[in-house]
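Asks: Could you have a look at this structure, given as structure tokens, before my questions?
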Amino acid sequence: MELFLANGSLIERQRSLTQQQGDAWLLSAVDLSWHLRQRDCAQALALADAAQTRLMLHPDARIRRGLMARLTLVRAEVSLLFGEIDSATEGAMGCTTVFAELEDEIGQGDTHWLLASIAVDRGDSAQVASRLQDAIAAYGAAGDAQRVSCARARSLVNASFREPVATAALLARHFPLDTDYSVCAMAWVAAARANVAGLTGDPGASIQHDLTAWEAALECGQVRHALVSVANA
77 MELFLANGSL IERQRSLTQQ QGDAWLLSAV DLSWHLRQRD CAQALALADA
127 AQTRLMLHPD ARIRRGLMAR LTLVRAEVSL LFGEIDSATE GAMGCTTVFA
177 ELEDEIGQGD THWLLASIAV DRGDSAQVAS RLQDAIAAYG AAGDAQRVSC
227 ARARSLVNAS FREPVATAAL LARHFPLDTD YSVCAMAWVA AARANVAGLT
277 GDPGASIQHD LTAWEAALEC GQVRHALVSV ANA
């Protein structure tokens, strides 16, 4: 299960869901609910409810707890999108406990990612930085280089507001211009570049980078980030 999924891959998974049964359907339904969480909140929640109904009867307690926590994370993110910050926080914190008990580093990292978004809405930049570092550590422990790249790029977006010059040096080190990145990472790399350009006297480049971030975010279902990027542009 990816952090964010490109639109083309999502369409293929949606088509295959109707052909699946049993545990295969259950895993696919949870996966789709996760990847629709920002694209289509109503459908994401409907899939979450359908999957939860089946999960309640699943005989494997570990699978049941892990997938239930993932569905809770979906609901928490939807709550955040609708401004229900306390509800989002409560759901995410519960997931932190479950994923830790299951030693699920990916789940822990994805929860820290969401908690960073909650901290953004609370205006707590230090907490954003802390949560993203926790996410990087969890993703690193899981060996998920893709997620590490996304979280590191996002952390540079947060840092760029305070230290644009230092962030520019880190961008050059970790994300050189002549390298291709996943669409998920590119959404954040471009946003960091936009902030650096805008805060160091190059508004034209800032606009271009923000438009790149907007397009990349839309391509992988990061609707929240896409809206911020296009508004900045």
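If you're matching positions, the sequence shown starts at 77 in this note's numbering and goes up one per residue. Note that CB positions come from ideal geometry on N, CA and C, so glycine has one too.
Note down, in chain order, each residue of its chain lying with its Cβ closer than 8 angstroms to the Cβ of V154, except the 5 sequence neighbours on either side.
Replies: Counting only Cβ-Cβ distances below 8 angstroms, and skipping sequence neighbours, we find R113, C117, A120 and L121.
Asks: How is S258 classed by DSSP in three states: helix, strand or coil?
Replies: Residue state, collapsed to three classes: coil.
Asks: Just checking: is the beta-carbon of S104 within a distance shorter than 9 angstroms of some beta-carbon in chain D?
Replies: Any reference to chain D falls outside this structure, which holds one protein chain only.
Asks: Whose C-alpha, out of A195, A168, I194 and V196, is nearest the C-alpha of G183?
Replies: G183 has its Cα closest to that of A168, out of A195, A168, I194 and V196.
Asks: Between L253 and the rest of its own chain, which residues show a CB-CB distance below 7 angstroms, the 5 nearest in sequence each way excluded?
Replies: Closer than 7 angstroms at Cβ, skipping near neighbours: no residue.
Asks: Of the residues A137, G159, Y257 and A211, which one's Cα is nearest the Cα of E177?
Replies: Of the candidates A137, G159, Y257 and A211, the one whose C-alpha sits nearest the C-alpha of E177 is A137.
Asks: What do you reckon, are the CB atoms on T172 and T187 nearer than 9 angstroms?
Replies: Yes.
Asks: I'd like to check one pair, W110 with V174: are the Cβ atoms closer than 9 angstroms?
Replies: Not closer than 9 angstroms, so no.
Asks: Let me check understanding here. Comparing Cα to Cα, which of A217, L93, V204 and A307 lies closest to A229?
Replies: If we check each option's Cα against that of A229, V204 comes out closest.
Asks: Roughly how many whole angstroms lie between the Cα atoms of E291 and P135?
Replies: One C-alpha to the other measures close to 43 angstroms.
Asks: Is V265 near L247, with beta carbons less than 9 angstroms apart?
Replies: Cβ distance < 9 angstroms, so V265 and L247 count as in contact.
Asks: Quick one, which of V306, G159, A100 and R115 has its alpha-carbon nearest R130's?
Replies: The residue with the shortest Cα to Cα distance from R130 is A100.
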